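Numbering (my numbering), first residue to last: 12 to 411. Even glycine gets a Cβ: it sits at the ideal position worked out from N, Cα and C. Small disclaimer: the values here were computed from a predicted structure and weren't measured. Below: the structure, in structure tokens.
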């Protein structure tokens, strides 16, 4: 038992590293871990405990770079603008607390819903498998039509451009599909947001030291709905937590605060449902689940062990998220926003070059230009997710 706790703490530390480091995704660490695992001399379940704790912690901590640096991952891409808005208003710590609360609610709800999910997921997966491409297309159309008469044509055009862009970069022979997404998402949702904000914001943005959240029914409902939305993300490929959150907020309404709670709940619960999916239908829906499927057979006792790891990780992850978020907020209050923004742009550009070379820089440049399109057209950045959705639809239709 003590050894499992030690491995859980190790996984939490790795999750902090992956969550706070732009470009370092859990899936990358899983690939590296799978390579070195045979040389570690530990049991498969112990290695699995490390990876599970890391994946859960990552879903908490990966919002901090999005809040303070505007650097997104696929899961947090569409939250960058709302988070940036709170940062510009001096409410960065409120964003930290909202995402911590959402992740905690999502994790708790998913664990409580575990037994029903074991029966619901197989039924849902079987019933939707044949029509998944049409469901994805319908969701995309709904998100486009929500722009109204004056905006839906612009939204459709941006969605199509992003889809063409995604199709082209995902079929490059010089970079893997995982590699191309880093410069693509950095440009579409990160650098474009930062560059647009530099000229219109003051040099120093004081941040409020404290944030008092009103834990009303709306926030709890958003978190609970986000937990169920995690199942949707697990079943429908190419739809991100951010996008499902946008769709849910459109259906039941809500503020920026509720949207952030919902997306963070989806993001964390998706990590849990991916393990449930592996156990219930044998279909791994995340990098960690794929890695686990290669080193062990996920039986009931092992699943319960991982559930215990997730529950204990929640305490450490929430504490780390709030503490590191406060430290980041205090540091951000003392620095020149424009200077830091330019440093972030330079840092991310160098990181893209180091990880993906000149091809990555070319993708980054195109993606950044494309990222300017939605705000200039007056529509949501949601439609830039066509970069994944259209290639996925074409794949399911056999039109690669």
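The alpha helix (DSSP H) enclosing residue i, as first and last residue numbers
| i | result |
| --- | --- |
| residue 305 | 298 to 306 |
| residue 165 | 163 to 181 |
| residue 321 | 311 to 343 |
| residue 111 | 103 to 123 |
| residue 58 | 55 to 72 |
| residue 279 | 267 to 292 |
| residue 21 | 13 to 31 |
| residue 154 | 143 to 156 |
| residue 397 | 397 to 407 |
| residue 387 | 384 to 388 |
Contacts around residue i, its chain only, beta-carbon distance under 6 Å, and the 5 residues preceding and following it disregarded
| i | result |
| --- | --- |
| residue 109 | 268, 271 and 272 |
| residue 45 | 302 |
| residue 141 | none |
| residue 22 | 61, 64 and 65 |
| residue 407 | 144 |
| residue 359 | 197 |
| residue 151 | 400 |
| residue 128 | 287 |
C-beta atoms of residue i and residue j nearer than 8 Å
| i | j | result |
| --- | --- | --- |
| residue 26 | residue 328 | yes |
| residue 238 | residue 124 | yes |
| residue 401 | residue 162 | no |
| residue 374 | residue 191 | yes |
| residue 307 | residue 59 | yes |
| residue 277 | residue 241 | yes |
| residue 61 | residue 118 | no |
| residue 132 | residue 17 | no |
| residue 397 | residue 149 | no |
| residue 395 | residue 381 | yes |
| residue 379 | residue 198 | yes |
| residue 363 | residue 193 | yes |
| residue 357 | residue 202 | no |
| residue 29 | residue 47 | no |
| residue 94 | residue 105 | no |
Residue closest to residue i, alpha-carbon to alpha-carbon, out of the options
| i | options | result |
| --- | --- | --- |
| residue 225 | 171, 266, 364 and 192 | 266 |
| residue 280 | 155, 162, 121 and 322 | 121 |
| residue 389 | 167, 193 and 127 | 167 |
| residue 63 | 380, 334, 395 and 316 | 316 |
| residue 377 | 350, 173, 392 and 24 | 173 |
| residue 218 | 198, 158, 151 and 337 | 337 |
| residue 326 | 143, 384 and 116 | 116 |
| residue 243 | 193, 111 and 274 | 274 |
| residue 200 | 409, 410 and 393 | 393 |
| residue 334 | 20, 70, 75 and 32 | 75 |
| residue 331 | 37, 346, 111 and 105 | 111 |
| residue 367 | 339, 195, 304 and 207 | 195 |
| residue 339 | 353, 354, 153 and 107 | 107 |
| residue 4 | 24, 139, 351 and 15 | Here the chain comprises residues numbered 12 to 411, so residue 4 is not present and cannot be evaluated. |
| residue 99 | 314, 304 and 204 | 204 |
| residue 4 | 352, 310 and 309 | Only positions 12 to 411 of the chain appear in the structure, and residue 4 is not among them; the question remains open. |
Close beta carbons around residue i, own chain, < 7 Å, minus the five adjacent residues each side
| i | result |
| --- | --- |
| residue 322 | 122 |
| residue 235 | 116 and 120 |
| residue 70 | 114, 278, 279 and 282 |
| residue 19 | 60, 64, 320, 323 and 324 |
| residue 343 | 79, 103 and 218 |
| residue 169 | 384, 385, 388, 390, 394 and 395 |
| residue 318 | 122 and 125 |
Cβ of residue i within 8 Å of any chain C Cβ
| i | result |
| --- | --- |
| residue 171 | Among the protein chains of the structure shown there is no chain C, as only one such chain exists. |
Same chain only: Cβ atoms within 8 Å of residue i, ignoring 5 sequence neighbours per side
| i | result |
| --- | --- |
| residue 188 | 181 |
| residue 136 | 246, 288, 292 and 294 |
| residue 183 | 191 and 370 |
| residue 14 | 57 |
Contact test: residue i Cβ vs the ligand SAM heavy atom, cutoff 7 Å
| i | result |
| --- | --- |
| residue 30 | For the structure depicted, the ligand SAM is absent and the ligand set is empty, with no information on it obtainable. |
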